[in-house]
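Participant: Okay, here's the structure, questions in a sec.
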């Protein structure tokens, strides 16, 4: 039997799914064990138990100086920036994608410009953003927008262009104006694709967020990681990294869930 | 004055002529089938009738109006695929046939209720009332095409254009779609143009059958010349013309 035809049963599939997670954990535990046996005060690979204790302390205990649980404040600040950036980016991309996809005039006017813009490395613009918008929240949100917007516009614009010509003609024969065509035909069909495109841009958005926070911030997940780096506090860093991963996964999962619930007709394409 | 007038129409894409010297007239209420080999400009001709494209020369007029510059309410279309909106339920697709011409593309309040009721009547007539709340993707090919035809008719076009509407259906479904189309036509008496690959279908449904072919053929450059209407059959009475006498002759009267 060819290996391409061998499909795992349900128990085996679950086992295989869990295997890499367990393998990484075990490998880490062994490595940590070896290093700690040699030097009990080694900071590079803290024992899983230590990380757990640290995580519990971070989640539950308030900072002695400010009296706030910094973990949740970091999370709140970062999610706020991320959410704001992604929302602005998505809504702007939606408008531009409809313009580029539906209007040949707008396509001639904007498509090449956006293609060139998307080639600019957003992090190279970060100093300019700090200079123009200051070191506050604005520059971080703007970096996420600048980093994700051109890709979103290109992706979604292409999706609008790909809408079957038949549907456009059909809508016109039913008397639809350009506006109605955008509102009732293109926009609803673009929505599930918007969610899909945003899901793909969440990764870059985190990258830009953490980069901006690392450089200039006083609160946020990225800021904290780069702050404790100075003290080689691997247990804190690892806690934050795991937490960011969980957050990113949950965001992705919830997007998929919303998309399935709200756009049942688009299930095949997701 | 004929209802649809096609006068000396040429269409070429770049240097490549597709159709040339097409002259044609159809009465209101005629059912015209269009057949021909692949690449002989049938679909191009339909797109020209639809005003999706402009002819490079000549003009096409419906009901004596100026040549249309873009598709509009006076021409309905059913394609082989992608004819209904996948993001709307079956009922909404029917409502869209009336509501898309509104400023916001939808009805509000009492208008909406009335439109939904009318849509349900339409669905009952085309036999899709039991799937009114489903999305088109869950429907069979035949049901989707019935929905597409229903949607096009709700907009009350003056000319209905069908581009190989039954090409993707299995033979049984195709036959029931023929009955469906003939019933609808008897009811509405509208002018229909249908492009098809199936000669039998063309003669069965059509009053006239137009054949597109290339009258001139350069063996060294097959794309040198375009296609035109080479035959215009009278397909009424099973394709045997002159069966119905137009005059009341005394001979027939005498014989009863």
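Chains as they are written, first to last, in our numbering: chain A, 1 to 270; chain B, 1001 to 1256. Cβ atoms here follow ideal geometry from the backbone N, Cα and C, with glycine treated the same way.
From which residue to which residue does the alpha helix (DSSP H) around residue 91/A run?
Facilitator: Residues 70-102.
Participant: May I have the straight-line CA-CA distance separating residue 173/A from residue 1076/B, to the nearest angstrom?
Facilitator: Approximately 6 Å between the Cα atoms of the pair.
Participant: Three or more C-beta pairs closer than 8 Å, one from the segment 190-208 of chain A and one from the segment 131-138 of chain A: is that the case here?
Facilitator: No contact exists between the segment 190-208 of chain A and the segment 131-138 of chain A.
Participant: In chain order, which alpha helix (DSSP H) runs of at least 4 residues are fully inside the segment 35-62 of chain A?
Facilitator: Whole alpha helix (DSSP H) segments, 4+ residues: 48-60.
Participant: State the DSSP-derived secondary structure class of residue 1213/B, mapped to helix, strand or coil.
Facilitator: Of the three classes helix, strand and coil, the one that applies to residue 1213/B here is strand, per DSSP.
Participant: For residue 17/A, which of helix, strand or coil comes out of DSSP?
Facilitator: Note: residue 17/A maps to helix in three-state DSSP.
Participant: If we call anything under 8 Å between Cβ atoms a contact, is residue 1035/B one with residue 1022/B?
Facilitator: No, Cβ-Cβ distance for residue 1035/B and residue 1022/B is not below 8 Å.
Participant: Closer than 9 Å, Cβ to Cβ, to anything on chain A: give me those residues from the segment 1167-1197 of chain B, in chain order.
Facilitator: Those residues of the segment 1167-1197 of chain B that come within reach of chain A (Cβ to Cβ, closer than 9 Å) do not exist; the list is empty.
Participant: Shortest alpha-carbon distance to residue 244/A belongs to which of 232/A, 209/A, 15/A?
Facilitator: Ranking the options by Cα distance to residue 244/A, first place goes to 209/A.
Participant: Flag residue 1052/B as yes if its beta-carbon sits less than 8 Å from any beta-carbon of chain A, otherwise no.
Facilitator: Chain A contact via Cβ: present.
Participant: Run through DSSP, which three-state label would residue 175/A get?
Facilitator: In this structure, residue 175/A counts as coil in the three-state DSSP scheme.
Participant: Let's test the definition: count the other Cβ atoms within 10 Å of the Cβ of residue 1187/B and tell me whether it reaches 16, buried, or not, exposed.
Facilitator: By the 10 Å Cβ count, residue 1187/B comes out exposed.
Participant: Is it a yes or a no for the segment 1182-1201 of chain B touching the segment 1023-1032 of chain B, going by three-plus beta-carbon pairs under 8 Å?
Facilitator: Yes: the two stretches touch, three or more of their Cβ pairs being nearer than 8 Å.
Participant: Quick check on DSSP: helix, strand or coil for residue 1223/B?
Facilitator: Note: residue 1223/B maps to coil in three-state DSSP.
Participant: Below 7 Å CB to CB, which residues in the same chain sit around residue 84/A once its five sequence neighbours on both sides are set aside?
Facilitator: Same-chain partners within the cutoff: 141.
Participant: Could you tell me which chain A residues have their CB closer than 9 Å to the CB of residue 1104/B, listed as they occur along the chain?
Facilitator: In chain order: 179, 180, 183, 184.
Participant: Would the segment 147-167 of chain A count as touching the segment 89-107 of chain A if we require 3 or more Cβ pairs under 8 Å?
Facilitator: Cβ pair count under 8 Å is three or more, so yes.
Participant: Considering only DSSP beta bridges, list what residue 1232/B is partnered with.
Facilitator: Its beta-bridge partners are 1210/B.
Participant: At least one CB of chain B closer than 8 Å to the CB of residue 270/A: is that the case?
Facilitator: Only weak support exists for where residue 270/A lies, its pLDDT of 48 falling under 50; the value from the coordinates is given anyway. Chain B contact via Cβ: absent.
Participant: Between the segment 101-129 of chain A and chain B, which residues of the former have CB atoms less than 9 Å from a CB of the latter, in chain order?
Facilitator: Listed by position, the residues of the segment 101-129 of chain A near chain B (Cβ gap below 9 Å) amount to none.
Participant: Note down, in chain order, each residue of its chain lying with its Cβ closer than 7 Å to the Cβ of residue 1114/B, except the 5 sequence neighbours on either side.
Facilitator: Excluding sequence neighbours, residue 1114/B sits near nothing in its chain.
Participant: Looking at C-beta atoms only, is the number of pairs between the segment 1116-1129 of chain B and the segment 1160-1167 of chain B that lie closer than 8 Å three or more?
Facilitator: Taking 8 Å as the limit for Cβ pairs, the verdict is that the segment 1160-1167 of chain B does not touch the segment 1116-1129 of chain B.
Participant: Around the C-beta of residue 206/A, are 16 or more other C-beta atoms found within 10 angstroms, so that it is buried, or is it exposed?
Facilitator: Flag for residue 206/A reads buried.
Participant: Are the segment 68-82 of chain A and the segment 220-227 of chain A touching by the rule of at least three beta carbon pairs closer than 8 Å?
Facilitator: Yes, the segment 68-82 of chain A is in contact with the segment 220-227 of chain A.
Participant: For residue 1135/B, which of 1061/B, 1024/B, 1091/B, 1083/B has the nearest alpha-carbon?
Facilitator: Residue 1135/B has its Cα closest to that of 1091/B, out of 1061/B, 1024/B, 1091/B, 1083/B.
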